[in-house]
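Beneath this line is the structure, given in C-alpha cells, with notes to follow.
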Amino acid sequence: MPQIPLRRHLLSHESEHYAVIFDAGSTGSRVHVFRFNQKLELLPIGKDIEFFMATNPGLSSYAEDPKAAANSLEPLLEGAEGAVPQELQSETPFELGATAGLRMLKGCMKNSTSALRVKAKCIHKNCTFNGVWNGGGGAGLNTVHASSFFYDIGAQVGIVDKKFPSAIAKPIQYLNAAKVACQTNVADIKTVFPNTQDRDVPYLCIDLIYEYTLLVDGFGLNPYKDITVIHDVPYKNYLVGAAWPLGCAIDLVSSTSNKTISVASA
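Letter by letter, the sequence shown follows residues 1 to 266 in the UniProt record's numbering.
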C-alpha cells in the first residue's frame, strides 16, 4: 500500500489560507470551508464568514452500500471546490470527520461509558477518557464551554433557549431529561419534547445520556456545575458556529507538519 503525503499546511507566501472540513454524520453530511489570513483571522467567503453546505441522509443510511456512501459526499466536494479559488485548491488542506454510527449504539449509560473508555490506561497523573491527559485541572476547569449537540439537543428538550446564542446549563439537566426521554415511547417523544427534530427522535435518549456521561464521567465535572452551552460566537459582524470544524480548520492551516494516508493499490 503506497504512502501518499497529505499536505496540512499552505505555502508561507500565500496571503490567504483555505481549509475544507467534511462532517459526515449519522443524520446528514456537511462541508465547511473556512478562509484565513496569515494571522489566522477569519475572512468572509462571499457574504458569509464560511461556506457551508449540507446533504441528507447521513452515512448510516448507506451501511450496506459503501459506494453509495462515498457518492453521497460528491455534491459537498463540488460545493467546496466552487468555494476555494482554483489556484489554491492543490494546496488547500482538508479533513473528514465521520461521526456516523455513534448514535447506533444499543443501550444507554453502559455503552456510553464503554464508548468513552473512561477506564483506559492512563500514563499521566490524571486523565479524562481514553487515556487522554485532562489538562491538569485547576483553574482551567472553572469555566467550561460546551458546543454543537450540547446546545442543539439542549434546545430541543428545553434546557437552552434558542433565542440566545449561548446559555448556562448544568450536566444534571441532561440526565434529568434523559430519564424522561428514555421512559417515553418513541412515538410520544414529540408530545413530551415538542421541539425535538424528527431526525433526532429515535436517538434522543442515547444522545442525552451520552452528553451527560461525557461531561461527568469523561471530563469529571460535578453534575451541578454551571457550564456555558454555546451555539455561536460573535466575530466582527458575524456569528461563527462554535463547533469542532472551525477548530479543526485552524489546526490544519497552522500546522507545519505533514502526515500520510494509506491508499489501497488497484
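Cβ atoms here follow ideal geometry from the backbone N, Cα and C, with glycine treated the same way.
Q: Would you identify the three-state DSSP class for PHE150, choosing helix, strand or coil?
A: In this structure, PHE150 counts as helix in the three-state DSSP scheme.
Q) Going along the chain, which residues of its own chain have a beta-carbon closer than 7 Å to the beta-carbon of ALA266, five neighbours each way excluded? A) Only weak support is given to the placement of ALA266: the predicted model assigns it a pLDDT of 31, under 50, and the value that follows is read from those uncertain coordinates. Exclusion of the five residues before and after ALA266 leaves no residue of its chain whose Cβ lies closer than 7 Å to its Cβ.
Q. Ends of the beta strand (DSSP E) at GLU16?
A. Per DSSP, GLU16 is one residue of the beta strand (DSSP E) stretching across 16 to 24.
Q | Which residues DSSP lists as bridging ARG35, in chain order | A | Looking at the DSSP output, ARG35 shares a beta bridge with TYR18, LEU43.
**Q.** Under 7 Å between C-beta atoms of TYR212 and LYS170
**A.** TYR212 is not a Cβ neighbour of LYS170, given a cutoff of 7 Å.
(Q) By alpha-carbon positions, which one of PRO234, GLY82, ALA24 ends up nearest to GLY46? (A) Minimum Cα distance to GLY46 is reached at GLY82.
(Q) Measuring only the C-alpha atoms, how far is ASP23 from THR191? (A) Near 30 Å, if we compare the C-alpha coordinates of THR191 and ASP23.
(Q) Taking 8 Å as the cut-off, does the stretch 204 to 218 touch the stretch 169 to 185 (at least 3 CB pairs, one atom from each stretch)? (A) They touch, by the three-pair rule.
(Q) Please report the distance separating the alpha-carbon of residue 282 from that of GLU41. (A) Residue numbering for the chain in the displayed model covers 1 to 266; residue 282 lies beyond these limits and cannot be assessed.
Q.
Using CA atoms only, rank isn't needed, just tell me which of ALA146, VAL84, SER61, LYS67 is closest to HIS32.
A. Ranking the options by Cα distance to HIS32, first place goes to VAL84.
Q. Helix, strand or coil for ILE49 per DSSP?
A. ILE49: coil per DSSP, three-state reduction.
Q) Within the chosen definition, does the stretch 236 to 254 reach the stretch 139 to 149 through at least 3 CB pairs nearer than 8 Å? A) Because the criterion of three Cβ pairs below 8 Å is met, the stretch 236 to 254 and the stretch 139 to 149 touch.
Q) Leaving out five residues before and five after VAL186 in sequence, what residues of the same chain have Cβ atoms less than 7 Å from its Cβ? A) Closer than 7 Å at the Cβ level, and outside the excluded window around VAL186, lie VAL201, PRO202.
Q. Whose C-beta lies closer than 7 Å to the C-beta of ARG199 among residues of the same chain, with five residues either side of it excluded?
A. Within the same chain, ARG199 has close Cβ partners THR27.
Q) Any idea which residues DSSP pairs PHE94 with across the strands? A) Bridge partners of PHE94 according to DSSP: VAL20.
(Q) Between the alpha carbons of ILE159 and SER15, how many angstroms are there, rounded? (A) Straight-line Cα distance between these residues: approximately 43 Å.
Q: Measure the beta-carbon distance from ILE189 to ALA181 and round it to whole angstroms, keeping in mind my assumption that it falls under 8 Å.
A: Contact between ILE189 and ALA181 holds, with the beta-carbon distance rounding to 7 Å and staying under 8 Å.
**Q.** Whether ALA249 touches ALA19 by CB criterion (7 Å)
**A.** At the C-beta level, ALA249 and ALA19 come within 7 Å of one another.
Q: Would you decide whether ALA70 is buried or exposed? Buried here means 16 or more other CB atoms lie within 10 Å of its CB.
A: The residue in question, ALA70, is exposed, as its Cβ has fewer than 16 Cβ neighbours within 10 Å.
Q.
Following a CB-centred definition, is GLY46 positioned closer than 6 Å to any heavy atom of the ligand SAM?
A. You won't find the ligand SAM in this model; it holds no ligand whatsoever.
Q: Count the other CB atoms, across all protein chains shown, that sit within 10 Å of the CB of ILE34; report buried if there are 16 or more and exposed otherwise.
A: Rather than Ile, the amino acid found at residue 34 in this sequence is Phe. With 16 or more other Cβ atoms within 10 Å, it is buried.
Q. Within this structure, are the beta carbons of LYS162 and ALA155 separated by less than 7 Å?
A. Yes, Cβ-Cβ distance for LYS162 and ALA155 is below 7 Å.
Q) Taking the C-alpha atoms as reference points, what is the distance between GLU91 and ASP48? A) Going by the C-alpha atoms only, they are around 22 Å apart.
Q. Could you give the distance in angstroms between the alpha-carbon of ASP251 and the alpha-carbon of GLU87?
A. Straight-line Cα distance between these residues: approximately 22 Å.
**Q.** Beta-carbon spacing of LEU73, SER29 below 7 Å
**A.** Contact flag set, yes.
(Q) Given this structure, state the Cα-to-Cα distance separating residue 284 from HIS231, to the nearest angstrom. (A) No answer is possible for residue 284: the residues shown for the chain start at 1 and end at 266.
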